[in-house]
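Residue numbering for the sequence shown follows the numbering used here, starting at 1373 and increasing by one per position. Yeah, the Cβ is synthetic: ideal placement off N, Cα and C, and Gly gets one too. The structure appears below as structure tokens.
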Amino acid sequence: MQDGFITFVNHASVIFSHKNIRLITDPWLFGPAFNNGWKLLSPSKFDISDFDNITHIWFSHEHPDHFSIQVLNAIPENIRKKITILFQNTLDHRVAKKCEQLNFKQVIEMKPTEYISLNDEFKIKCVPNGTYDSWFYAEIGDKKVLNINDCMVDSNSQSKIVKRMIGDVDILLTQFGYASWVGNTEDAQLRVDASREKLQRIQIQDKIFQPKFIIPFASFVRFSHKDNHYMNDQMNRIENVEKFIHEKTNSVPIILYPGDIWSGKEKIDNSLSINKYADDLQKNLELYDDPKIIEFDELQKLASAYIDNIKKRNNSTFIKLLHNLHFFKTTNIFLKDLNISVSFNLIDGLKKSVSDKLNVDIITDSDSLSFVFSWDYGVDTLFVNARFRTSGGKIMNFFRLFLIGTLNNNGRTFPFGVIGFLLNERSMWKTKFLEIILGKYDLK
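Here is the structure:
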């Protein structure tokens, strides 16, 4: 592969090359993500064999569009043994342990207060942000790079917190599109607003960090399931993002297509990459439509196992108290593939219900509900892949019940670990996921 300062791989994945170091970020090269909810917009040119030239992999967080197990498993073991993994220091060390099991050369869990030197002219710092995410700041030769990816750096105050921890910024890499459920099919205006907010976020980041160049990335995806493809209707197109950066910031936009190489120094003609993305958007999107039906009896067993796991790791007395106080209310769900309504809470489990489809809290399918019960991160996956609809009930009733599992997934227990986390991570109070849980955001 031709050498250059930055090689764009795909989505949130880039390669930084300097002297003997070639560091790749968040390599998602192929396949679906989020339980068949997402596909890459464009094909990757970087091949598994190209990992033979990589010295380091940095993962921003555990979401499958950044930490892709299918990609890591595909790397031959003899190549893995030459690659060092860099990841934020987490409470559960799950990602680090997985990478150790895969026999990578070394796994380094990065402390947020320390730089790690990869060579005499390449040092990097990684700082956690929000529930899962992290950003990195790197000084590479004479260039200073800030990779924000999906982080909640969406205000002057949040940007200034990051700014105080770093130096000057020459190159900013940042997300440009919404990346989770934003309303039902008919709620297009909500998605328009969400896309506008992503652009305003770039403007805020430009004002505080004052980079010379902005690389918009980490949003080159399509919602790819028959239940969520409507979400593509108001996604920011890259040509509009480039125009916004030109007109509303003091930075130079750099638009890179998979396989593009950039020196990190000069303006480029973005039109070729923009046209390639436009061509990809015109291609027919093959939707996942292979329904995997999970019968009610199996769902009941999964629900019981989920509750048992929650009780083992958390204060069950406190959970029961909040159930009795109606904070953890029973949620009503319509499973469209089984054509039945069910109810669920953390005390009584999953039961069939007589609730009308028009009055339930959420409409989804048995495969998605099975996924929610099977994994601590299941409800987070459902929120990101948007394979559900709201109905006449309250969506917060559903998502609030799975809040504990989401935080357990990050090594935190309920209630004290959750309380401490929310006090320390104030940015989380503005996320739509938490607003839904708290009842601040509800669609009828």
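Under the criterion of beta carbons closer than 8 Å, T1702 and S1713 do not qualify as touching, at roughly 12 Å. Scanning its chain for C-beta atoms nearer than 7 Å, with the 5 sequence neighbours on each side dropped, one finds around R1394 the residues I1387, N1425, I1426, T1427, in chain order.
For the set L1694, A1510, Q1577, the Cα lying nearest the Cα of N1717 is the one of L1694.
An exposed status is given to P1663, since fewer than 16 other beta-carbon atoms sit within 10 Å of its beta-carbon.
A straight line joining the alpha-carbon of E1667 with that of P1630 spans about 42 Å. Following the DSSP letters along the chain, one finds F1706 inside the beta strand (DSSP E) bounded by residues 1703–1707. In this structure, W1507 and L1490 do not form a Cβ contact; the two beta carbons are roughly 17 Å apart against a cut-off of 8 Å. With contacts defined by Cβ atoms closer than 9 Å, I1586 and N1528 do not form a contacting pair. Here DSSP, grouped into helix, strand and coil, assigns V1564 to helix. Contact fails between the region 1755–1767 and the region 1672–1691, because fewer than three Cβ pairs, one in each stretch, are under 8 Å apart. Remark: three or more beta-carbon pairs, one from each stretch, lie closer than 8 Å, so the region 1408–1423 and the region 1616–1632 are flagged as touching.
In this structure, the CA atom of I1543 is about 29 Å from the CA atom of K1477. Secondary structure within the region 1565–1610: the beta strand (DSSP E) runs of 3 or more consecutive residues, fully enclosed, are 1585–1589, 1593–1595 (chain order). In the three-state reduction of the DSSP assignment, R1394 falls in the strand class. For C1471, the enclosing alpha helix (DSSP H) has its first and last residue at 1466–1473. One Cα belongs to V1541, the other to S1596, and the distance between them is close to 35 Å. Taking C-beta atoms under 8 Å as the contact rule, V1732 and N1704 qualify, at a distance of about 4 Å. Counting the other CB atoms within 10 Å of its CB gives A1468 a total of 16 or more, which places it among the buried residues. When DSSP reads this structure, Y1509 sits in a beta bridge with K1497, L1518. A Cβ-Cβ separation of about 22 Å leaves H1465 out of contact with A1384 under the 8 Å criterion. Nearest C-alpha to V1624 among N1642, L1773, Y1649: N1642. Leaving aside the five residues that flank R1685 on each side, the residues in its chain whose CB is nearer than 7 Å to its CB run, in chain order, N1780, T1785. If the five residues before and after K1598 are omitted, its C-beta is found closer than 6 Å to the C-beta atoms of L1659, D1661, all from its own chain and listed in chain order. The closest CA to that of A1650, considering only I1617, N1608, F1377, is found on N1608.
The DSSP-derived three-state label of K1648 is helix. For H1695, the enclosing alpha helix (DSSP H) begins and ends at 1688–1696.
When DSSP states are grouped into helix, strand and coil, R1759 belongs to the coil group. For L1458, the uninterrupted beta strand (DSSP E) segment begins and ends at 1456–1460. The C-alpha of W1553 is placed about 9 Å away from the C-alpha of R1563.
Per DSSP, reduced to three states, the secondary structure at K1453 is coil, with no helix or strand assignment.
Boundaries around L1544 are those of the beta strand (DSSP E), 1543–1547, since no alpha helix (DSSP H) includes it. From the listed residues I1441, S1742, V1593, the smallest Cα separation to E1670 is found for S1742. Taking 9 Å as the cut-off, the beta carbon of L1722 is found closer than this to the beta carbon of S1676. For T1778, there is no enclosing beta strand (DSSP E); the residue is part of the alpha helix (DSSP H) that begins and ends at 1775–1780. Closest in alpha carbon position to D1748, among I1734, F1771, S1738, is F1771.
Judged by DSSP in its simplified three-state form, L1490 adopts strand.
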